[in-house]
Every structure is written in C-alpha cells, then in structure tokens.
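Read through the structure below, which is laid out as structure tokens, and then see the notes.
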Amino acid sequence: PDQAAQAAKNAAEAKGQPIQDQAVAAGAAATKAASAAGQSAQSQATRAYVAAAGTAAIGGLARPQAHDIGEAAAHAASYQDGSLTHQEANQVAQQAIRAGEAIVFGEDQSNNAAEIAGKAAANSAKDTGLSGNEQCQKAYRAALAFAKGSGKTPKQQAELAATVAQKAAFRAELTPRQQVQCVVDAAQASASTDGAFSDTVADAMTHAGTVAAQGAGIDAAQVSGVVADCVKATEDASADGLK
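Pasting the structure below:
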C-alpha cells in the first residue's frame, strides 16, 4: 500500500495536480492496495489516512488541512466495505483516524516527517533497482533534510537520520554490520557536503554509527568497536578516492 500510494502521488504530481489532489490519490491507492492484500477494513482505513495525510504533510500543507484530507480518505475507505453498517464503518474510520494521526503527526512531528521522507526515498530507490546501500544512503539524506528544518542540534539531526537510514538498511536485508557501515558512509557524505570540519565529520560518523549499531541490535559491548571499524573503513575509502 505504501508503494501504491507513492506511485499514485507521483502520477498526480506529474500531471501538475495540486498537493491536495496528490494526497487524495495516494489515500485512494493505499486503500485499494490494502484491500487487494486482504487487509481488514480497519487496516485499509488507517493506511488511507496515513497515505493521504502523510502526502499532504510532506507536501507542505498545515496539519489541520493534512488531517482533514486524511480523515476524508479514512471515511472513504471504511464506507467501501459493504459488509459494515453505516455506524460500524463510522467507528472503523474513527479508530483508523486516531491510529493514523499518531503515525503521521506523532508526538514529535519533525521525527515523523523525517521518517516518512526517509522511507519514501528508500522505497523509490528500491523501485528503481538501487542497492540496499543506496536505499539506506538516500533515506539518510532525506531524513537529514527534514531534521535540519526542525531546529534540532547537528547531533540530534545525525541521530534521527541514522535511525531512519538504519531501518531502511534493515528492510533492504543488509547485515547488522552493513547497516552500520552504510549509515556511517551516509553521515560522512552528508557532513562533508555541508563543508563541516574534519573533526565534526568524524563526530557525525561516530554518532550516526552508534545509533545505527544500537538499532541493528549489535551487542552493547561490541558497539564502539564495530563503529570505529566502520568509521575507519569509510575514512580509508575516501582517502583512496582523494589520491
């Protein structure tokens, strides 16, 4: 359903439709895909809310507007289920809206937006046949861009981007070690393009690598060693590239 929603949004965007229409298209596509996958009415309606409100929020609409579009999508999805009475469909939609709202807007909206952006970037990299490593890098960049706009410290930005990228690497079936390596590489690439000083780049790599190692489930006693190895591998690779 996430990929169907992304595809519908992209198609609407390509036709030059406003973000509202793109969001509605994403919601409808997610409902259809969830229904085809045999998901419950509740799941379908939640997916519809997340796809529609998420697309609207990422597209820059304010939360109330994005929420209204998501709400309409959840209602539309629940009413499509012919086996539910009007009242049951209404209850399903209300529960889906609450669940969807928590997913899209969460407690800390900026984390969620970064997560949604990172996931979308990784999915589109996957759909275009890019490697797991590249999916992870793209997720890192996309999440970092969102984190930067939310007034977080550079350390918080690197941590958030690393969390999102590690999940993308996990979904791409990279080993725990590869997950850390990929996040460290991404941190270095992002910090370097920002023109950061070398010690800042090393800090960003270590922070991001540590978050990724913890997310990847690497034994606590081994985290710092694995991160140090990955940082060294990245530094060696970039030194080779500069020769």
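Note that the sequence shown ends on residue 1722 in our numbering; no numbers are left out. Where a beta carbon is used, it is the ideal one built from N, C-alpha and C, also for glycine.
Buried or exposed for residue i, please, with buried defined as at least 16 other CB atoms from any protein chain shown within 10 angstroms of its CB.
i	result
Phe1625	buried
His1565	exposed
Pro1543	exposed
Ala1581	exposed
Gly1549	buried
Lys1488	buried
Gly1630	exposed
Gly1579	buried
Ala1515	exposed
Ala1535	buried
Ala1718	exposed
For a quick check, are the C-beta atoms of residue i and residue j less than 9 Å apart?
i	j	result
Val1643	Ala1593	yes
Gly1597	Ala1651	no
Ala1683	Ala1691	no
Ala1556	Ala1502	no
Thr1685	Ala1707	yes
Thr1713	Gln1660	yes
Ala1483	Ala1520	no
Gln1693	Ala1699	yes
Leu1623	Ala1640	yes
Ala1665	Cys1615	yes
Gly1561	Ile1498	no
Ser1603	Gln1485	yes
Asp1500	Ala1493	no
Whole-angstrom Cβ separation of residue i and residue j, contact assumed at under 8 Å?
i	j	result
Ala1505	Ala1531	6 Å
Gln1657	Ala1648	7 Å
Gly1533	Val1583	5 Å
Under 6 Å Cβ to Cβ from residue i, same chain only, skipping five residues before and after it: list those, please.
i	result
Ala1600	Lys1617, Ala1618 and Ala1621
Ala1553	Ala1524, Ala1527, Tyr1528, Ala1572, Ala1575 and Ile1576
Thr1510	Gln1523, Ala1527 and Ala1556
Tyr1558	Ala1568
Ile1697	Pro1655 and Val1705
Got a sec? Which residues, its chain only, sit under 7 Å from residue i by beta carbon, not counting five neighbours each side?
i	result
Cys1724	Limits of the chain in this structure are 1480 at one end and 1722 at the other, which puts residue 1724 out of reach.
Lys1634	His1686
Ala1513	Pro1480, Ser1522, Gln1523 and Arg1526
Spatial neighbours of residue i within its chain, please: CB distance less than 8 Å, with the 5 preceding and 5 following residues excluded, ordered by chain position.
i	result
Ile1537	Ala1592, Ile1595, Ala1596 and Ala1599
Glu1638	His1686, Ala1687 and Val1690
Val1702	Thr1689, Ala1692 and Gln1693
Lys1459	This structure cannot speak to residue 1459, because the chain is shown only from 1480 to 1722.
Glu1613	Ala1604
Is there a Cβ of chain C sitting closer than 9 Å to that of residue i, yes or no?
i	result
Asp1547	Looking at the structure shown, chain C is missing, and only one protein chain is on hand.
Indicate, with yes or no, if the ligand FMN has a heavy atom lying under 8 Å from the CB of residue i.
i	result
Gly1630	Because no ligand of any kind appears in the structure shown, any question about the ligand FMN cannot be addressed here.
Could you tell me which whole alpha helix (DSSP H) segments of length 4 or greater appear in the stretch 1570–1601? For the stretch 1570–1601, there is no continuous alpha helix (DSSP H) assignment of 4+ residues that stays within its boundaries.
Which runs of the beta strand (DSSP E), 3 residues or longer, sit entirely within the stretch 1525–1562? List check, beta strand (DSSP E) in window: nothing returned.
If you scan the stretch 1656–1699 from start to end, which runs of the alpha helix (DSSP H) of 4 or more residues do you find wholly inside it? Qualifying alpha helix (DSSP H) stretches, in chain order: 1677–1694.
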